[in-house]
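Position one of the sequence shown corresponds to residue 379 (this note's numbering), numbered consecutively onward.
Working notes, structure below.
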Amino acid sequence: MAQKAAVGILGLGTVGSGVIRILEDHRQELTHQTGCEIYAKKILVQDASKQRSVNVEGTTLTENAADVLQDPEIQIVIEVMGGIEESRNYILQSLQSKKHVITANKDVMALHGTELLQAAEENGCWLLYEASVAGGIPVIRGMTEGLAGDRISRIMGIMNGTTNYILTKMFQDERDYDEVLVEAQELGFAESDPTSDVDGLDAARKIAILARLGFSMNVELEDVEVEGIRGVTTEDMQYCAQLGYSLKLIGLAKRVEDRIELTVQPMLIPNDHPLASVQDEYNAVYIHGEAVGETMFYGPGAGSLPTATAIVSDLTAVVKNMMLGAVGSTVSKPLHTKALQNNEEVESKYFIRLHVKDQTGTFDDLSSLFKKEDVGFDKLQQWPLEEENGAASEVVIITHSTNRAAYERIYHELENMDVVIDVKSTYRVEGGKVS
379 MAQKAAVGIL GLGTVGSGVI RILEDHRQEL THQTGCEIYA KKILVQDASK QRSVNVEGTT
439 LTENAADVLQ DPEIQIVIEV MGGIEESRNY ILQSLQSKKH VITANKDVMA LHGTELLQAA
499 EENGCWLLYE ASVAGGIPVI RGMTEGLAGD RISRIMGIMN GTTNYILTKM FQDERDYDEV
559 LVEAQELGFA ESDPTSDVDG LDAARKIAIL ARLGFSMNVE LEDVEVEGIR GVTTEDMQYC
619 AQLGYSLKLI GLAKRVEDRI ELTVQPMLIP NDHPLASVQD EYNAVYIHGE AVGETMFYGP
679 GAGSLPTATA IVSDLTAVVK NMMLGAVGST VSKPLHTKAL QNNEEVESKY FIRLHVKDQT
739 GTFDDLSSLF KKEDVGFDKL QQWPLEEENG AASEVVIITH STNRAAYERI YHELENMDVV
799 IDVKSTYRVE GGKVS
């Protein structure tokens, strides 16, 4: 007869219900894989009398967290309640009580991951968090196990389904951001308050987690520079397409020698890059390793069952380790001292869209400005415009690669040039071959 492993679950919302459903529907397979019967003994809920969409017969529902955290029979705690401080405290209490923890909480891991991983190591416990990044996509395990022998130089990802859905529909349907956002909210792809998604905060938390793992540095959320998609227009997207690019919200962690850059922002990606074909609410994480070269993880980035699948995957890993008598050995101490690139070191191409006066000398002035900073044009297109105060042109430029400090100087001078009517937009261009 198979041994039993008692699990406590904190939260029974969308993801928690998915976990219960998988534990029930895949019971036979899970027992076969682990040699152990896994069952949910107690679940923390807000209202124990509420009707549930999943079968919780034989499981105790409680409104008191201590019933889960202090139960000596519960060996593993799954945290899917969300929030930050309360969840952090419950995870910490669980680890200090020698209970292994699995969490889907990207906010907690981005802000307090170092502290919690250290607590896990000190108490001989496992703290696994595959579901905290990209839902059901096994990118964390892919990095920590599949790519363990490589040295990662770049992590790029479409890590937020809401923004990818919005940008996809803006381009395909030629509709404005505000209109598509409302549709995304009606369809359940966007929250009523979409700030975390559309301002890039959600993606920033995920890239911080991945960078901490991929580069073995004590990366903090505040190290990530963040810009969202509110300023993206359908005109920008159409111009990008004409030039052979797709416009995506990208989380980027890049290492050059021993210095790193962390950013989330709308970027132009060449249409032949694997990330350019990721549409709608799907997520993908592209990783370049010095030995393996290019790899990409693709799939649904959220949802009840995809996220629950990642949680149960972590759960089976913990149970297998328990059956083998393996003590938690989470590596919490970074190998490398954190070193962030400065503006002189961050290199990339840039897209910029201008309205300029259509008069003799305009392009001479523009060329002189870029030449002064030793920045050439990779692509340049011009279209006539009708302006109330005279002839004007719309100019779209993609620069050669330059450092960010030089480009910022160019940008500020463009805003003050007499021949420039307006700087309409600018984006970074990424996704070229890794040297």
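Built from N, CA and C at the ideal position, the CB exists for glycine as well.
Predicted model only: the values in this text are computed from it and were never measured.
Check residue i in the structure and name its three-state DSSP category.
i, result
"Arg608", "coil"
"Ile544", "helix"
"Met674", "strand"
"Ala662", "strand"
"Lys757", "strand"
"Asp800", "strand"
"Val734", "strand"
"Arg399", "helix"
"Leu763", "strand"
"Arg787", "helix"
"Arg583", "helix"
"Ser691", "helix"
"Gly520", "helix"
"Ser427", "coil"
"Gly566", "coil"
"Gly527", "coil"
What residue range is occupied by the uninterrupted beta strand (DSSP E) comprising residue i?
i, result
"Met537", "Here Met537 belongs to no beta strand (DSSP E), and DSSP marks it neither H nor E."
"Val602", "It is not in any beta strand (DSSP E) - Val602 carries neither H nor E in the DSSP assignment."
"His478", "His478 to Thr481"
Quickly, what does DSSP pair residue i with across the bridge? List them, please.
i, result
"Glu808", "DSSP, once it has assigned bridges, lists no residue as partnering Glu808."
"Tyr507", "In DSSP, Tyr507 forms no bridge with anything."
"Arg633", "Ile638"
"Ser726", "Thr780"
"Val385", "Ala418 and Ile454"
"Asp595", "The displayed chain sequence assigns Met, not Asp, to residue 595. DSSP output for Met595 lists His714 as bridge partner(s)."
"Ala498", "In DSSP, Ala498 forms no bridge with anything."
"Val773", "Leu732 and Gln760"
"Ser624", "Ile647"
"Ile533", "Ala631 and Ile665"
Going by C-alpha to C-alpha distance, which of the options sits closest to residue i?
i, options, result
"Val597", "Arg608, Lys584 and Ile607", "Lys584"
"Asp736", "Met700, Ala717 and Val773", "Val773"
"Gln760", "His666, Thr740 and Phe748", "Thr740"
"Ile454", "Tyr468, Asp800 and Asn442", "Tyr468"
"Gly539", "Val656, Arg782, Thr804 and Ile530", "Val656"
"Val753", "Thr780, Arg731 and Ala769", "Thr780"
"Leu627", "Glu659, Ser691, Glu725 and Gly413", "Glu659"
"His651", "Val458, Ile536, Ala586 and Ala769", "Ile536"
"Gly436", "Val634, Lys419 and Glu561", "Lys419"
"Gly671", "His404, Met701 and Asp528", "Asp528"
"Gly667", "Gln474, Thr687, Val797 and Val634", "Val634"
"Ala669", "Leu621, Gln474, Leu470 and Gly524", "Gly524"
"Phe567", "Ala582, Glu552, Arg553 and Thr546", "Thr546"
"Arg590", "Asp800, Lys757, Ala704 and Glu639", "Glu639"
"Ala444", "Leu470, Ser427 and Ile480", "Leu470"
Let me confirm a value: residue i is counted as buried when at least 16 other C-beta atoms fall within 10 Å, else exposed. Which label applies?
i, result
"Ile462", "exposed"
"Phe755", "exposed"
"Leu447", "buried"
"Thr685", "buried"
"Thr777", "buried"
"Gln643", "buried"
"Asn720", "exposed"
"Thr573", "exposed"
"Glu793", "exposed"
"Met534", "buried"
"Arg405", "exposed"
"Met701", "exposed"
For the alpha helix (DSSP H) containing residue i, name the first residue and the last one.
i, result
"Arg466", "Glu463 to Gln474"
"Val432", "Val432 -> no alpha helix (DSSP H), and no H or E assigned at all."
"Thr440", "Here Thr440 belongs to no alpha helix (DSSP H); instead the beta strand (DSSP E) covers Thr438 to Thr440."
"His404", "First-last for His404: undefined, no H or E at that position."
"Ala444", "Ala443 to Leu447"
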